[in-house]
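Trainee: Using the working numbering, you'd call the opening residue of the sequence shown number 13 and step up by one each time.
Here a beta-carbon is modelled for each residue, glycine too, at the ideal position from N, C-alpha and C.
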Amino acid sequence: MIGDDVQDLLDSLAEAVGRGMAVDDPEGRVVAHSVHHGEVDQVRARAILSRSVPPQVKAWQEAHAVTTVREPVRVPANPALGMAARLCVPLLHQDRRVGLLWIIEGDGPLSPEEEARVVRDAAAIAALLDDGGGSGTLRRLLAGGSTAGQAAGVLGEGALCLLALRGGREDLGRTVGGELARMRRPPVFTVLDRHAVVLLNGGEDACALGERLIARTGGAAGVSAVHAGLDSVPEAYREAVAAARAAVAEPALGPVARWPELGVYRLLAEPAATPLGPLRQHRVLAVTLETYLDSGGDAQETAKLLHLHRTSLYYRLARIEELTGRSLKDGSDRLELHLALKLARWNAV
């Protein structure tokens, strides 16, 4: 439900300029509308009743760059759609796009004085709508309530990673929002299942940001791998939350843990994330690795069991390290590889 202060400001503005107007959220849902003033077209009537914009109308609007503009833009009438000419004013607050303000102009555009009033009040509406950078769009994408295509106009496109801050504070969202607001271009975030989840796609230092947030909120944080685009946000979310959990379970990984560096905790969180993939085409190497690990890393015993010369064994072990990207001198890496081998056996029966 839209706040009364937003509705009052919208009604006052509509009466001052004598036009009907509405506010859409970043995904095109109608969240507020004024009483009728001046011309009322079919599109406005349908949008008010359904609280949504028909796809063909949305396409016409987007053809005039309404999802990317930072200044008011006029959208021409489209008689085939039953749509009068409109003025679209982007609702921006602290460089965050929080919605669009639509004013029906019809055959008579606003005067310069009226347009100046609209722009001024639009800034006030945007400030009231902004919840400190918290993003309903990101939350719906994470929860499966919208698609990457629907969210792209709000969240942007391109490479991204997610930062998940694990905390029990009741004011987690407000605290995170306050810290992010200090940034020149604050990233969007949401709070979901006890985690503040921040979407980073502008080259920000995720670990440094995580440490700053932890200093304000306590707890621990996790960072996903870098992904190509919004289609991978659900996967990135699982990675970031698992990394935050690992940072709590294993303080040596934290306070900000990165998914690619979780070792055995990555395997525990997602058994399919096995490091053994490169060995699938090298059965002999897989057998060598398992024998070596079962023997407690005893090269002499392994060579004896496999009827190998020690030189041949060392060559195989070096090749295994090269293919898996793991060091057999590192206890965590050895544990991850050993557990992965036993999980493969478990899953095969």
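#1: To the nearest angstrom, how far is the alpha carbon of GLY343 from that of HIS350?
#2: Run through DSSP, which three-state label would THR202 get?
#3: Are VAL235 and CYS219 closer than 9 Å when you measure CB to CB?
#4: With DSSP as the reference, identify every bridge partner of ASP36, one or two as the case may be.
#5: Taking 7 Å as the limit between beta carbons, can you name the residues of its chain near ARG331, skipping five residues before and five after?
#6: Am I right that LEU204 and LEU154 are in contact with their C-beta atoms under 8 Å? What's the rounded C-beta distance?
#7: Taking the beta strand (DSSP E) that LEU212 falls in, what are its first and last residues?
#8: With H, G and I counted as helix, E and B as strand and the rest as coil, what does DSSP make of ALA360?
#9: Give a yes or no on whether the C-beta atoms belonging to VAL1 and VAL188 are separated by under 9 Å.
#10: Give a yes or no on whether the C-beta atoms belonging to LEU279 and GLU348 are separated by under 9 Å.
#11: So is SER324 buried or exposed if we call it buried at 16+ other beta carbons inside 10 Å?
#12: Which residue or residues does DSSP assign as beta-bridge partners of MET95?
#13: Which same chain residues end up closer than 8 Å to THR229 when comparing Cβ atoms and leaving out the 5 residues on each side of it in sequence?
#14: Please return the same chain residues whose Cβ sits closer than 8 Å to the Cβ of GLY309, not counting the five positions on each side in sequence.
#15: If I follow the unbroken beta strand (DSSP E) through ALA233, where does it start and stop?
#16: Identify which residue in THR202, LEU353, LEU103 has its Cα closest to the Cα of GLY289.
#17: Between ALA34 and TRP114, which are expected to be in contact by the criterion C-beta below 8 Å, what is the C-beta distance as a whole number of angstroms?
#18: Are the Cβ atoms of VAL130 and VAL42 separated by less than 9 Å?
#19: Assign GLU169 to one of two classes, buried (16 or more other C-beta atoms within 10 Å of its C-beta) or exposed (fewer than that).
#20: Answer with buried or exposed for ARG108, where buried requires no fewer than 16 other C-beta atoms within 10 angstroms of its C-beta.
#21: Would you mind giving the Cβ-Cβ distance between VAL81 and GLY40, rounded to the nearest angstrom? I have them listed as a contact below 8 Å.
#22: If you draw a straight line from the C-alpha of TYR277 to the C-alpha of ALA44, how long is it?
#23: Using the Cα positions of ALA171 and GLY241, report the straight-line distance between them to the nearest angstrom.
Mentor: Let's see:
#1: Here the question's residue 343 lines up with position 331 in the sequence shown. Here the question's residue 350 lines up with position 338 in the sequence shown. In this structure, the alpha-carbon of GLY343 lies about 10 Å from that of HIS350.
#2: The residue given as residue 202 occupies position 190 in the sequence shown. Strand, per DSSP.
#3: On the sequence shown, residue 235 is found 223 positions in, with the first residue counted as 1. On the sequence shown, residue 219 is found 207 positions in, with the first residue counted as 1. Cβ atoms of VAL235 and CYS219: closer than 9 Å.
#4: Looking up residue 36 in the sequence shown gives position 24. Beta bridge pairing from DSSP links ASP36 with VAL42, LEU112.
#5: Residue 331 sits at position 319 when you count from the first residue of the sequence shown. Around ARG331, the same chain offers LEU297 as residues with beta carbons nearer than 7 Å, after the five sequence neighbours per side are excluded.
#6: Here the question's residue 204 lines up with position 192 in the sequence shown. Here the question's residue 154 lines up with position 142 in the sequence shown. Confirmed, Cβ separation roughly 6 Å.
#7: By one-based count along the sequence shown, residue 212 stands at place 200. Counting along the chain, LEU212 sits inside the beta strand (DSSP E) bounded by residues 207-212.
#8: As a working mapping, residue 360 is identified with position 348 in the sequence shown. Three-state result, ALA360: coil.
#9: This structure gives no information on residue 1, because the portion of the chain shown stretches from 13 to 361.
#10: Locating residue 279 in the sequence shown gives position 267, counting from the first residue. Locating residue 348 in the sequence shown gives position 336, counting from the first residue. Contact flag set, yes.
#11: Mapped onto the sequence shown, residue 324 falls at position 312. In this structure SER324 is exposed. Its beta-carbon is surrounded by fewer than 16 other beta-carbon atoms within 10 angstroms.
#12: The residue you call residue 95 lines up with position 83 of the sequence shown. Its beta-bridge partners are ASN90.
#13: The count along the sequence shown starts at 1 and reaches residue 229 at position 217. For THR229, where only same-chain residues beyond five positions count, the Cβ hits under 8 Å are LEU177, GLY179, ARG181, LEU184, THR187, VAL188, ALA208.
#14: By one-based count along the sequence shown, residue 309 stands at place 297. Counting only Cβ-Cβ distances below 8 Å, and skipping sequence neighbours, we find LEU340, ARG346.
#15: Taking the first residue of the sequence shown as 1, we reach residue 233 at position 221. Per DSSP, ALA233 is one residue of the beta strand (DSSP E) stretching across 232-235.
#16: Position 277 of the sequence shown, counted from the first residue, corresponds to residue 289. Closest in alpha carbon position to GLY289, among THR202, LEU353, LEU103, is LEU353.
#17: Here residue 34 corresponds to residue number 22 of the sequence shown, with the count starting at 1. Here residue 114 corresponds to residue number 102 of the sequence shown, with the count starting at 1. The beta-carbon distance between ALA34 and TRP114, rounded to whole angstroms, is 5 Å. This is short enough to meet the 8 Å contact definition.
#18: On the sequence shown, residue 130 is found 118 positions in, with the first residue counted as 1. On the sequence shown, residue 42 is found 30 positions in, with the first residue counted as 1. The Cβ atoms of VAL130 and VAL42 do not sit closer than 9 Å to each other.
#19: Along the sequence shown, one-based indexing puts residue 169 at 157. The residue is exposed, with fewer than 16 neighbouring Cβ atoms inside 10 Å.
#20: Sequence index remark: in the sequence shown, residue 108 carries index 96 (1-based). That one is buried.
#21: Taking the first residue of the sequence shown as 1, we reach residue 81 at position 69. Taking the first residue of the sequence shown as 1, we reach residue 40 at position 28. Going by Cβ atoms, the distance from VAL81 to GLY40 rounds to 15 Å, so no, they are not a contact pair.
#22: Here residue 277 is taken as the residue at index 265 of the sequence shown, counted from 1. Here residue 44 is taken as the residue at index 32 of the sequence shown, counted from 1. The straight-line gap from Cα to Cα measures roughly 46 Å.
#23: To locate residue 171, count along the sequence shown from 1; it is residue 159. To locate residue 241, count along the sequence shown from 1; it is residue 229. Straight across, the Cα-Cα distance linking ALA171 with GLY241 is about 5 Å.
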